[in-house]
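Visitor:
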Amino acid sequence: MARNRAPSRQTVDLLAVLLARPEAWRHGYDLAKAAGLSSGTLYPLLIRLHARGLLEARWEEPVQPGRPPRHAYRLSGAGLAFARSVEEADAARPLGSESIA
Amino acid sequence: MKALRHRLSDVVIRAAAGRLRRRHPEWAEAMLNEHASLPGQANPLRWALGSLQASFALEDGIYPPILALGVVAMALYQWSADESLITLSILSGLSLLLGILRPSRFLVSGVAVGVVVAAVNGFETASGIRPGYETHHHSWAHDLRWLVLVAPALLSSALGRQVGLRLE
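In the order they appear, the protein sequences are chains A and B.
Those letters in the first sequence? Residues 1 to 101, by our numbering.
Those letters in the second sequence? Residues 102 to 269, by our numbering.
1. Please list, in chain order, the chain B residues whose beta carbon lies closer than 8 Å to that of residue 7/A.
2. Consult DSSP for residue 176/B and reduce its assignment to one of helix, strand or coil.
3. Helix, strand or coil: how does DSSP classify residue 61/A here?
4. I need the straight-line Cα distance from residue 66/A to residue 174/B, nearest angstrom please.
5. Answer yes or no: does any C-beta atom of chain A fall closer than 9 Å to that of residue 133/B?
6. What does residue 143/B touch in chain A if you count any residue whose Cβ is under 9 Å from its own?
7. Alpha carbons only, please: which of 258/B, 147/B, 114/B is nearest the one belonging to residue 133/B?
8. Would you mind working out which of 127/B, 154/B, 140/B sits nearest residue 116/B, comparing C-alpha positions?
9. For my contact list, residue 242/B and residue 207/B are in at a C-beta cut-off of 8 Å; report their separation, rounded to the angstrom.
10. Can you tell me whether residue 83/A is buried or exposed? The criterion is at least 16 other CB atoms within 10 Å of its CB, across all chains shown.
11. Under three-state DSSP, which class holds residue 240/B?
12. Where does residue 119/B land, buried or exposed, given buried means 16+ other C-beta within 10 angstroms?
13. For residue 253/B, which residues in chain A fall below 8 Å Cβ to Cβ?
14. Helix, strand or coil for residue 55/A per DSSP?
15. What are the boundary residues of the alpha helix (DSSP H) that includes residue 107/B?
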């Protein structure tokens, strides 16, 4: 059964980072640093967003020779709409009512 | 020190990717390659440990703590009461639940829960510490006999697996 619950603080932060430059393809480390997340939090979020069709992922050839291709991410069309709705809901939320999840 | 940290981080990130590869092969590669592409100021060991944590969150979720809690609860119950039909019911119910929760680990669940009674009895024999209701010293043969409970535990976890697979 599908569950409808408010996204966690970490999800909100990651969506805000992705929404700041929606056209840009960004790498995992860059996203983790910008959203203040550890890789342990980042990857489950990315995988779940991708599984829900909210995130696009693609392989990018390395800039430096000898490095492997990297996965890059950006919001899909549905992800953009979702991120905007989350941002609006977050802005409308009274101070001090943040979820701890 | 830096070289050692890099080598250790390589081992950890390979373990993380290995855990993810079965269900999320593309993400396992993404994780490995991101680690190999980290900029100089990043801490590769911290990144790798985080990735390992992510692999546990994605692959096992709540299963390991529930399994641990179940085994501890089973051991405490066995310590507090003698072998009985209630023991068998708890053991079967717990194995069934674990089988539903993680169908792919039904063997681990069944064996882990099934050996608890024999392990607690073995501890009594080895240590000489016995619960209040125990009036006499058991033999090792008596303790090992309780390994027979692995069978109903495995049966229950296998049944749970069937239920869990239908729910997935």
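Ideal Cβ positions, reconstructed from N, Cα and C, are used throughout, including at glycine.
Bear in mind that the values here come from a model prediction, so they are computed numbers and not experimental data.
Guide: On the basis of the data shown:
1. Taking a Cβ-Cβ threshold of 8 Å, none of the residues of chain B is close to residue 7/A; the smallest such distance is about 16 Å.
2. helix
3. coil
4. 52 Å
5. yes
6. 29, 33
7. 114/B
8. 154/B
9. With a Cβ gap of about 29 Å, residue 242/B and residue 207/B do not count as contacting.
10. buried
11. coil
12. Its Cβ having fewer than 16 others within 10 Å, residue 119/B is exposed.
13. In chain A, no part has a C-beta under 8 Å from the C-beta of residue 253/B; the shortest such distance is about 31 Å.
14. strand
15. 103-122
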